[in-house]
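There are 2 protein chains.
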Amino acid sequence: MDKLTGDEIVRLFLAIATILVAARVLGEVARRLSQPVVLGEILAGILLGPTVFGTILPGGKEFLFPNHGSIALAQDAFRTLSIALFLLVAGMEVELSTMWKQGRAALSVGLMGIALPFVLGFGAARVAPDLLGATAGVSPETFALFFATALSISALPVIAKTLMDLHIYKSDFGMTVIAAAVFNDLVGWLVFAVILGQIEYGTSSASHMPIGLTLAVTAGFAVLMLTAVRWLIHRTLPWILAHASFPTGVIGFALALALAGAAFTEFIGIHAIFGSFLVGVALGDSAHLRERTRTTITEFVSSIFAPLFFGSIGLSVNFITNFDPALCGFVLLIACLGKVVGCGLGARWAKMSWRESWAVGFGMNARGAMEIILGLLALQYGLIQEPMFVALVVMSLVTSMASGPVIERLLRRTRPRRIEHFIHSRTFLPRMRAIDRKSAIDELCQTLARASGLDYARISTAVWEREQVTSTGIGDGLAVPHARIDGLTQPYVAMGLSSTGVDFDSLDGKPAQLVFVILTPPNDNGVQLEILADIGRTFVQPNVRDRALKLKSFTELLALLRTEPVAA
Amino acid sequence: MDKLTGDEIVRLFLAIATILVAARVLGEVARRLSQPVVLGEILAGILLGPTVFGTILPGGKEFLFPNHGSIALAQDAFRTLSIALFLLVAGMEVELSTMWKQGRAALSVGLMGIALPFVLGFGAARVAPDLLGATAGVSPETFALFFATALSISALPVIAKTLMDLHIYKSDFGMTVIAAAVFNDLVGWLVFAVILGQIEYGTSSASHMPIGLTLAVTAGFAVLMLTAVRWLIHRTLPWILAHASFPTGVIGFALALALAGAAFTEFIGIHAIFGSFLVGVALGDSAHLRERTRTTITEFVSSIFAPLFFGSIGLSVNFITNFDPALCGFVLLIACLGKVVGCGLGARWAKMSWRESWAVGFGMNARGAMEIILGLLALQYGLIQEPMFVALVVMSLVTSMASGPVIERLLRRTRPRRIEHFIHSRTFLPRMRAIDRKSAIDELCQTLARASGLDYARISTAVWEREQVTSTGIGDGLAVPHARIDGLTQPYVAMGLSSTGVDFDSLDGKPAQLVFVILTPPNDNGVQLEILADIGRTFVQPNVRDRALKLKSFTELLALLRTEPVAA
């Protein structure tokens, strides 16, 4: 039997561990900079590939990520499985019902968001094929068709993530954008599937179907998955829940189905991802799929398989030697022009305001994940060369990065402010010494004076004056003294824990064990209220209060705040 | 770059989907027969391998599970990853603190549970090497050492699962058995690691360390993992929770660590699983690992990786041609004798009653998972031949199967009875017509008469008489009319849903929308109380009541009852 040797297992496991760690670390850095995590994951792969690691330490790159042999094969198998499972999850996020609800606007945006980029891309590829580095041996029509599709497709996961971060996912605006993106994705992948079929047919690989048959089978498969199979899954799930272990039965069913779907689409000559994406859509649509099952699959796939895939994109291409500024700029320009203007006009025709219409345009402009998957496939099939692939990746990264900030500005949306943004290690006192209201406020104001550089007496006087108007003891062992301070440019929050409790004259008569002092600028745009509300929502939960009282360090406080779901 | 072709991806994905489905289905069948799921999963592999599928349809077996080429390599990579991740989870289940608490008894059971099987196994292998089919080319001492170890090791996951099923996991009895099994496992794997090191050294494979060095490095690594690394992980987790996305950050960290640990132990010449097991122990011991994270990792691994591994055990060996009844019987005899008597005596010396001592012996006798992993490795390394591997698998399956029923009998424990065991599709009425108490009872008693074959008038009179003593409307929209019926041999439960509600004279004045009629035998050993308590615990939850009212079929009812966690 062919097996991996001990040496190969060592290298394979180390390689996976390395990708996981690097992708995670850079993903977190991206998140800190308010960017989609996927950008960091891709960057990790670029650093580990020939671009940086391979240039500095070619032997190390060859040890972990060889181009040939058993390890390369095994890594390719993991990569292929990862991408199939990632698209299962992406499909599960699609809500078919929202497509119908926001019907008209979504259709208008979706159609225009395909039409304009497609026309622009096709035109550019026909007019200036050399500038775009069209590949010899691939027919100009096919190349133009690919380039047009590449510009037309959106990145549903990135768009959804951006809207969720801005807390407008469930709004009419958000649902219109999502519905348009779903429509966009389905059509885009269908077209791409046909192109791939054509290439594969040309190179006489796995499939030997004529293009028309591939198109018919693909469309038929898609329709079947979204109707009969969807209905069948919906009927089968309760049966599985009733008769198999939970949730292992459902998860196993979902994954087996995704792999079978992937195998089928791969077999008919279009890529495996299309099958698992459609399985995801059909599966995610069923109300019988429990929230907990969705969460387990999504969490595990985004912890392991997504970083494994996105982190390995950069492993095969040198992003410096293949970087062509003119090509990148040109691709970026047409891509943005087509998508922003196309979707913007589509939204405007659906009677949205100009401001909202542009926000829709920039929202749909995010490419990220899907675009890169498409580029990678095109590269594998020899449809494009490395510089074009690099240009597509750069375009995806730039458009994804721009999306959030621009929508934020256009819709004047801001991310909700939470206390963790304003509390510092120096303003957290796990053991307050104070035993009465005044000294508790003073003790916390001292830390705030040090952290903000403001005068201690002025702060503590302002807070104490406010406190004397009405007590800020809000019950449940919480007290929230606060004041607006002239000259402050950002909010500051101090938090103190008292094991004995401090009498804050609360309505429920309980002493305050968690005391927060909140300082905000004079014109604070509601940040004081937001912080108060956040404290309330978080610490209204008895188990969170209990765990808060046991905190020993600022790190543990952050761990609590960031992992505890806030009451709705 | 070496890549899988489209054709190979199709076969690989189909193969994984096939294993997942077959392992799941047979795993569920095993569960239905009150057996460990792992038995079904292993059986699935035996059916799909050369034993059955390969004999009936050699071409099909070769298509999905070839012995050579890229697919075989990719499957081996998945299998190796699966086993490493499964041992991570097995390690996470270990509670180091319980080992200390049950110290004396656990040590006594653990030591005797190793010593006697080891001595018996070593002796048998030295006295009758031919009967055991010792391999030419392997030194008799090494073979005896392996056989002795194989008999000594327990199956922590199977034992833990059996105890949980019997609801005695958290009892003193359960913790003693678990602590002994942990001790047993750690020592057993350490010895086995040394044997493997010796073989690898002999065949001059990956590692070239002398045996003494391997032993020292292995022991040093184990101690380091359980002390310094455990402490380091405990300190690092809050930092990850505070600064990385949740729970993707922790899950990524856990898996990267497990793979790095696995790579290290593989590198020093012992198997990868040892490293990921120790990482699991160190990680699982930290209180900072949230329950939700544990659950996600455990659920995903037991849904995918465990069936993938156990389902592929049977793929390489023909269990019929290599079945040697004498060998199987002999191995089974020594295995049971050594373990049951050894652990039983150990427990008795720790002052447990004879009855409990034998229960401990049979509990520790379960081999299952770990034993087979060990056998598979020995087979791969040429330490044993196929007939011995088959005998070890048979011994593991038989001892695992026997464990639960014997403990149940010795400790007179029974599995808790739940309403789903006594309700039938014919006794579930999703739309009751009745509008008052009497007619509701009559309507449900009619279904019970049909299901039980008893006289309708007799049942309904008995229930109505009991009802008139005090009303069975227990509030929250629930009513539980019940009666003990002469001549009944098992309990019967009928359940009816009423959209308008039936007035049951409840204390809270609310009409009953969920009505259960419960019939039990005259000498029912408390089953009536158990069923009443189960109804209370399940339907006290408002969201469960809401979902119950929307049920349309018996299957949906089962799905609800089996997936809804019961209030504690």
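So the sequences go chain by chain: L and B.
Taking my numbering, I'd label the letters of the first sequence as residues 360 to 927.
Taking my numbering, I'd label the letters of the second sequence as residues 360 to 927.
Ideal Cβ positions, reconstructed from N, Cα and C, are used throughout, including at glycine.
By the neighbour-count criterion, in which 16 or more other beta carbons inside 10 Å mark a residue as buried, B:Ser-858 falls on the exposed side. Residue contact check for L:Pro-746 against chain B: no CB pair falls below 9 Å.
Following the DSSP letters along the chain, one finds B:Thr-879 inside the beta strand (DSSP E) bounded by residues 871-879. Judged by DSSP secondary structure, L:Ser-755 falls within the alpha helix (DSSP H) whose first and last residues are 745-769. Distance between B:Leu-479 and B:Glu-452, taken at the CA atoms: about 30 Å. Taking a 10 Å sphere around the C-beta of L:Trp-713, we find fewer than 16 other C-beta atoms and assign the residue as exposed. Using a CB distance cut-off of 9 Å, L:Ile-656 counts as an interface residue toward chain B. The alpha-carbon of B:Val-369 is positioned some 12 Å away from that of L:Gly-634.
For B:Phe-477, no pairing in a beta bridge is given by DSSP.
Runs of the beta strand (DSSP E) lying entirely within the stretch 810-866 of chain L and spanning at least 3 residues, in chain order: 832-834, 841-843, 851-861. Here the alpha carbon of L:Leu-446 sits roughly 9 Å from the alpha carbon of L:Met-729.
If you ignore the 5 residues before and after L:Pro-409, its C-beta comes within less than 6 Å of the C-beta of Asn-677, all in its own chain and listed in chain order. For B:Glu-500, no Cβ of chain L is located within less than 9 Å of the residue's own Cβ. In this structure, L:Gly-834 sits away from L:Arg-904, with a CB-CB distance that is not shorter than 9 Å. DSSP places L:Thr-494 in the coil class of the three-state scheme, outside both helix and strand.
The straight-line gap separating the alpha-carbon atoms of B:Pro-606 and B:Leu-591 is approximately 19 Å.
Between the stretch 871-887 of chain L and the stretch 846-863 of chain L, the count of Cβ pairs shorter than 8 Å is three or higher; the stretches touch.
Excluding residues up to 5 positions away in sequence, nothing lies with its Cβ nearer than 8 Å to the Cβ of L:Asp-435 in the same chain. Interface annotation for the stretch 647-674 of chain B against chain L: Arg-649, Thr-655, Glu-658, Phe-659, Ser-661, Ser-662, Ile-663, Pro-666, criterion Cβ-Cβ distance under 7 Å. Nearest C-alpha to B:Ala-646 among B:Pro-597, B:Gly-673, B:Thr-879, B:Gly-670: B:Pro-597.
Within the DSSP secondary-structure output, B:Phe-787 pairs in a beta bridge with B:Met-854.
When 9 Å is used as the limit between beta carbons, B:Val-536 is near no residue of chain L, the shortest such separation being about 23 Å. Secondary structure of B:Ile-782 (DSSP, three-state): strand. The C-beta of B:Leu-398 comes no closer than 9 Å to any C-beta of chain L. Under the 10 Å beta carbon count, L:Trp-459 is surrounded by fewer than 16 other beta carbons and is classified as exposed. Listed along chain B are Leu-618, each with a C-beta nearer than 7 Å to that of L:Ile-375. Setting aside the 5 residues that flank it on each side, B:Ala-403 is surrounded in the same chain by Ala-381, Ala-382, Leu-385, Gly-670, each with a C-beta closer than 6 Å to its C-beta; the list follows chain order.
Secondary structure within the stretch 435-464 of chain L: the alpha helix (DSSP H) runs of 4 or more consecutive residues, fully enclosed, are 455-460 (chain order). Using a Cβ-Cβ cut-off of 9 Å, L:Gly-450 does not count as an interface residue toward chain B, since no Cβ of chain B sits closer than that to its own. L:Asp-644 carries a coil assignment under DSSP once its states are collapsed to helix, strand and coil. Look at L:Met-534 here: in three-state DSSP terms it is helix. Counting C-beta pairs with one atom in each stretch, the stretch 739-757 of chain L and the stretch 484-504 of chain L have three or more that are closer than 8 Å, which means they touch.
Ranked by Cα distance from B:Ala-793, the first of B:Thr-786, B:Ser-456, B:Asp-801 is B:Asp-801. A distance below 7 Å between beta-carbons, with the five flanking residues on each side excluded, links B:Ala-443 to the following residues of its chain, in chain order: Ala-617, Leu-618, Ala-621, Ala-631, Ile-632, Ser-635. The three-state reading of DSSP puts L:Asp-489 in coil, since its state is none of H, G, I, E or B.
Restricting attention to B:Ala-464, B:Phe-502, B:Gly-868, B:Thr-573, the CA atom closest to the CA of B:Ala-538 is found in B:Ala-464.
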